[in-house]
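Line by line, the protein sequences are chains X and F. Residue numbers for the first sequence follow our numbering, beginning at 3 and rising by one. Residue numbers for the second sequence follow our numbering, beginning at 3 and rising by one. So the structure is just underneath, and the comments pick up after that.
Protein chains: 2
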Amino acid sequence: MANHLDSFFSAISDPTRRAVIERLVEGPAAVGELHAPHDIALPTFLKHIKVLEASGLVRTEKKGRVRVVHIEAAPLAEAEHWLTRQREVWEDRFDRLAALAERIERSQADDL
Amino acid sequence: MANHLDSFFSAISDPTRRAVIERLVEGPAAVGELHAPHDIALPTFLKHIKVLEASGLVRTEKKGRVRVVHIEAAPLAEAEHWLTRQREVWEDRFDRLAALAERIERSQADDL
DNA sequence: TGTTTACTTAGCCACATGGCTAACCATTTA
DNA sequence: TAAATGGTTAGCCATGTGGCTAAGTAAACA
């Protein structure tokens, strides 16, 4: 079961694509506008958009000769949840270790 | 400035490596133990550990002939923050759009 | 000391990725 | 309708990635 976290995390592991996402949270934009700040050829840039689209992070829509790109919030939230969950488990374990350390310390004090 | 978000997100875009992280939040483990549930050759698995280590997500330490792997929480938090920030900006914009829509609706009601 | 155990190194392979140029198509605009 | 604009397709290339086997090293154990 190849999770879609795979394609999501892979999609945002590229700085160009992360920059596109950072722009798109501000609102939809045309391919040309998104491309402008990046110093790479248009066809190369288009590939990045296709990767984002394939990962479900983005939808696109052709209007006349312009293609407009919108962000899709759900996958962003899903990835955030995965990370949050790992942190939570890790913090839980940390708390348990701290509690354990305290118990040991106390029982050593009893030994004196 | 090649961000370390690059190597971080790339590291966790692989299901084997995410599984390793999910195991490691429960506590440190030896390479052999981490490898056991995965049906791939050990050298292949070791590469994954190296990738995790290079991304800073994990530290390893040799004890006798065993190598113990620990998780490093900071990068996890950093990535989580990036995602959270994107969601926040997106939600802000959503709120502004909703407010705008309401103003428009109200002004149309005035026209009646 | 010889054997097992637990990695580790080396080296090979197929396919994916990110980059390019050249040429093409479809809508505007003049 | 001719020219300009905004993407799109095709195809090439170098490098990276995830997989393997075979063989090596170093610590523990018998």
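Ideal Cβ positions, reconstructed from N, Cα and C, are used throughout, including at glycine. Note that the structure is predicted; figures quoted are calculated from it, not measured.
Could you check whether the Cβ of residue i sits closer than 8 Å to any Cβ belonging to chain F?
i                      : result
residue 86 of chain X  : yes
residue 56 of chain X  : no
residue 97 of chain X  : no
residue 115 of chain X : Missing from the structure shown is residue 115 of chain X; chain X here goes from 3 to 114 and no further.
residue 14 of chain X  : yes
For chain X, find out if any of its Cβ atoms is closer than 8 Å to the Cβ of residue i; answer yes or no.
i                      : result
residue 134 of chain F : The structure shown does not extend to residue 134 of chain F, since chain F is modelled only from 3 to 114, so the question has no answer here.
residue 42 of chain F  : no
residue 107 of chain F : no
residue 17 of chain F  : yes
residue 23 of chain F  : yes
residue 61 of chain F  : no
residue 51 of chain F  : no
residue 69 of chain F  : no
residue 8 of chain F   : yes
residue 78 of chain F  : yes
residue 66 of chain F  : no
residue 34 of chain F  : no
residue 74 of chain F  : no
residue 81 of chain F  : yes
Would DSSP call residue i helix, strand or coil?
i                      : result
residue 74 of chain F  : coil
residue 43 of chain F  : coil
residue 56 of chain F  : helix
residue 3 of chain X   : At residue 3 of chain X, the pLDDT of 38 sits below 50, so the modelled position is not reliable; the number obtained from the coordinates is stated separately. Three-state DSSP puts residue 3 of chain X in coil, outside helix and strand.
residue 103 of chain F : helix
residue 81 of chain F  : helix
residue 31 of chain F  : strand
residue 9 of chain X   : helix
residue 67 of chain X  : coil
residue 21 of chain F  : helix
residue 16 of chain X  : coil
Can you pull the DSSP bridge partners for residue i?
i                      : result
residue 61 of chain F  : F:72
residue 111 of chain X : Residue 111 of chain X is not bridged to any residue.
_For the pair the stretch 44-62 of chain F and the stretch 44-51 of chain X, tell me if three or more CB-CB distances fall below 8 Å._
no
*Kindly confirm or deny that the stretch 65-74 of chain F and the stretch 97-112 of chain F touch, where touching means at least three C-beta pairs closer than 8 Å.*
no
*Three or more beta-carbon pairs under 8 Å between the stretch 74-92 of chain X and the stretch 12-29 of chain F, yes or no?*
yes
*asked:* Across the stretch 30-46 of chain X and the stretch 5-17 of chain F, are there enough close Cβ pairs to call them in contact, namely three or more that are closer than 8 Å?
replied: no
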